[in-house]
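Peer 1: Numbering (the numbering used here), first residue to last: 4 to 287. Heads up, the beta-carbon is just placed ideally off N, CA and C, and yes, glycines get one too. Keep in mind it's a predicted model, so treat the numbers as computed, not measured.
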Ligand code: SF4
Ligand code: MG
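Shown next as structure tokens:
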């Protein structure tokens, strides 16, 4: 199935988000999904445009609010594969409350964060992921705030699937998105997706030099939560691969008796036309 559509992305040439889009489209096709099986909900930011670039259902939400919409969608129709997507500002600043609670709630959706460590759409301000000393027009003498550690945060919030990738490795990125979708519960995938226009520090070359691929370490066991935390601390969060996965965790839907039998939006309302008309008249 072809998940590409005819809309031309208006990202800057070289933006990391192009790879995330390609990886997402490939992952859906590799998993044998149909466009009508998939819904993408995005927030606001350059990356938030992604929901309009995939041949599937798309919902371009409001700033920091992709997750409540995505969770509602999944709970109404559990038959859909629901992917939420957005940037680091969207998910880790204004949307952080939703991110933490979505992690602990564990609805079976996949959340892809395109982390470029800057606010790109508003022309380059410090984001919650910018490094100390990062100079932007909002921090001309360099940022004096420590960056948020999203993977460590997810582990402590009780996440069942925590992974990280980089836009320059399309193969690993596609594989991780596939595994995130297959995981039965909330999956957080943070993607280092360079902003070539406003972040001249964390570039493709910088990531090539600094990232450690956990999948190359055969002794690494992603089911060990404590080891995951240790690895993250050892490399200052600069790792790629599936960092942690609890394959036995129960999703929110699993804990609702009878929920998996019939999607809410397909349930018989057990109401006659007459009763329905009466209800509508009362609301009117
Ligand atoms: Fe990508 Fe940055 Fe351009 Fe936005 S401003 S499209 S994040 S390169
Ligand atoms: Mg950003």
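Quick one: what does DSSP say residue 7 is sitting in, helix, strand or coil?
Peer 2: On the chain shown, position 4 is the one that residue 7 refers to. Three-state DSSP puts residue 7 in a strand.
Peer 1: With hydrogens ignored, establish whether the beta-carbon of residue 123 is closer than 7 Å to any heavy atom of ligand 1.
Peer 2: Start at 1 with the first residue of the chain shown, and residue 123 comes out as number 120. It does: the Cβ of residue 123 is within 7 Å (strictly closer) of some heavy atom of ligand 1.
Peer 1: In whole angstroms, give me the CA-to-CA distance for residue 26 and residue 112.
Peer 2: Indexing the chain shown from 1 puts residue 26 at position 23. Indexing the chain shown from 1 puts residue 112 at position 109. C-alpha separation (whole angstroms): 17 Å.
Peer 1: Quick check: does the Cβ of residue 40 come within less than 7 Å of any heavy atom belonging to ligand 2?
Peer 2: For the purposes of this step, residue 40 is taken as residue 37 along the chain shown, with counting starting at 1. No, ligand 2 has no heavy atom inside 7 Å of this Cβ.
Peer 1: Please list the terminal residues of the continuous alpha helix (DSSP H) segment that includes residue 159.
Peer 2: For the purposes of this step, residue 159 is identified with residue 156 of the chain shown, where counting begins at 1. Looking at the DSSP string, the run of the alpha helix (DSSP H) that includes residue 159 is 153 to 159.
Peer 1: Out of 187, 168 and 203, point me to the one whose CA is closest to residue 214's CA.
Peer 2: Working through the chain shown from its first residue, we reach residue 214 at position 211. Of the candidates 187, 168 and 203, the one whose C-alpha sits nearest the C-alpha of residue 214 is 168.
Peer 1: Would you kindly report the start and end of the unbroken beta strand (DSSP E) that includes residue 114?
Peer 2: Here residue 114 is taken as the residue at index 111 of the chain shown, counted from 1. From DSSP, the beta strand (DSSP E) with residue 114 extends over 113 to 118.
Peer 1: Tell me, please, whether the segment 100 to 114 touches the segment 245 to 259 by the rule of three or more beta-carbon pairs shorter than 8 Å.
Peer 2: Result yes; three or more Cβ-Cβ pairs closer than 8 Å.
Peer 1: Does ligand 1 have a heavy atom nearer than 7 Å to the CB of residue 20?
Peer 2: Your numbering for residue 20 matches position 17 in the chain shown. Answer for residue 20: yes, Cβ within range of ligand 1.
Peer 1: In the DSSP assignment, the alpha helix (DSSP H) including residue 121 goes from what residue to what residue?
Peer 2: Here residue 121 is taken as the residue at index 118 of the chain shown, counted from 1. Careful: residue 121 lies outside any alpha helix (DSSP H) and carries neither H nor E.
Peer 1: To the nearest angstrom, how far is the alpha carbon of residue 276 from that of residue 83?
Peer 2: Here the question's residue 276 lines up with position 273 in the chain shown. Here the question's residue 83 lines up with position 80 in the chain shown. Near 28 Å, if we compare the C-alpha coordinates of residue 83 and residue 276.
Peer 1: Which same chain residues, not among the five before or five after residue 219, have their C-beta less than 6 Å away from its C-beta?
Peer 2: Along the chain shown, read from residue 1 onward, the residue named residue 219 stands at position 216. Nothing listed; no residue qualifies.
Peer 1: Am I right that residue 76 and residue 85 are in contact with their C-beta atoms under 8 Å? What's the rounded C-beta distance?
Peer 2: Working through the chain shown from its first residue, we reach residue 76 at position 73. Working through the chain shown from its first residue, we reach residue 85 at position 82. About 5 Å; that satisfies the 8 Å criterion.
Peer 1: In three-state DSSP terms, what is residue 139?
Peer 2: As a first step, residue 139 must be located in the chain shown, where it is residue number 136. Three-state result, residue 139: coil.
Peer 1: What would DSSP say about residue 86, mapped onto helix, strand or coil?
Peer 2: Walking along the chain shown from the start, residue 86 turns up at place 83. DSSP places residue 86 in strand when its eight states are reduced to three.
Peer 1: Evaluate residue 154 with the Cβ neighbour count: other Cβ atoms within 10 Å of its Cβ, from every protein chain shown; 16 or more gives buried, anything less gives exposed.
Peer 2: Within the chain shown, residue 154 is the residue found at index 151, counting from 1. Answer is buried; the Cβ neighbour count reaches 16.
Peer 1: Roughly how many angstroms lie between the CA atoms of residue 163 and residue 9, to the nearest whole one?
Peer 2: Numbered from its first residue, the chain shown carries residue 163 at position 160. Numbered from its first residue, the chain shown carries residue 9 at position 6. When rounded, the distance between both Cα atoms is 35 Å.
Peer 1: Take residue 241 and list the residues in its own chain whose beta-carbon comes closer than 6 Å to its own, dropping the five residues that flank it on each side.
Peer 2: Numbered from 1 along the chain shown, position 238 holds the residue referred to as residue 241. 213 and 214.
Peer 1: Given 7 Å as the limit, tell me if residue 227 has its C-beta closer than that to any heavy atom belonging to ligand 2.
Peer 2: By 1-based counting over the chain shown, the position of residue 227 is 224. It does not: the Cβ of residue 227 is nowhere closer than 7 Å to a heavy atom of ligand 2.
Peer 1: Hey, could you find the ends of the beta strand (DSSP E) residue 194 is sitting in?
Peer 2: Counted from its first residue, the chain shown places residue 194 at position 191. It spans 190 to 195 - the beta strand (DSSP E) in which residue 194 sits, taken as one unbroken run.
Peer 1: Over what stretch of residues does the beta strand (DSSP E) that includes residue 213 continue unbroken?
Peer 2: One-based indexing of the chain shown puts residue 213 at position 210. Taken as a continuous stretch (DSSP letters only), residue 213 belongs to no beta strand (DSSP E), being part of the alpha helix (DSSP H) at 207 to 213.
Peer 1: Would you list the one or two residues that DSSP bridges to residue 247?
Peer 2: Your numbering for residue 247 matches position 244 in the chain shown. 165.
Peer 1: With a cut-off of 8 Å, do at least 3 Cβ pairs link the segment 223 to 236 to the segment 45 to 64?
Peer 2: As far as the Cβ criterion goes, the segment 223 to 236 does not touch the segment 45 to 64, which means the pair count is below three.
Peer 1: For the pair the segment 199 to 206 and the segment 56 to 75, tell me if three or more CB-CB distances fall below 8 Å.
Peer 2: Taking 8 Å as the limit for Cβ pairs, the verdict is that the segment 56 to 75 does not touch the segment 199 to 206.
Peer 1: Once you ignore the five residues that flank residue 135 on each side, which residues in its own chain have a CB closer than 8 Å to its CB?
Peer 2: Within the chain shown, numbered from 1, the residue matching residue 135 stands at position 132. Taken in chain order, the residues that qualify are 145, 146, 147, 148, 149 and 150.
Peer 1: Out of 245, 217 and 228, which one is the CA nearest neighbour of residue 238?
Peer 2: Translated into positions along the chain shown, residue 238 becomes position 235. Comparing Cα-Cα distances from residue 238 to each of 245, 217 and 228, the minimum goes to 217.
Peer 1: Would you say the segment 268 to 284 touches the segment 189 to 196, given that touching needs at least three Cβ pairs under 8 Å?
Peer 2: The segment 268 to 284, when compared against the segment 189 to 196, does not touch it at the 8 Å Cβ threshold.
Peer 1: Could you give the C-beta distance for residue 158 and residue 247, rounded to a whole number, given that I count them as a contact under 8 Å?
Peer 2: Along the chain shown, read from residue 1 onward, the residue named residue 158 stands at position 155. Along the chain shown, read from residue 1 onward, the residue named residue 247 stands at position 244. That pair is a contact at about 6 Å.
Peer 1: How long is the line joining the alpha carbons of residue 40 and residue 130, rounded to whole angstroms?
Peer 2: Your numbering for residue 40 matches position 37 in the chain shown. Your numbering for residue 130 matches position 127 in the chain shown. Taking the straight line joining both Cα atoms gives about 34 Å.
Peer 1: With distances taken from CA atoms, which of 62, 98, 32 and 78 is nearest residue 263?
Peer 2: Taking the first residue of the chain shown as position 1, residue 263 is located at position 260. Minimum Cα distance to residue 263 is reached at 78.
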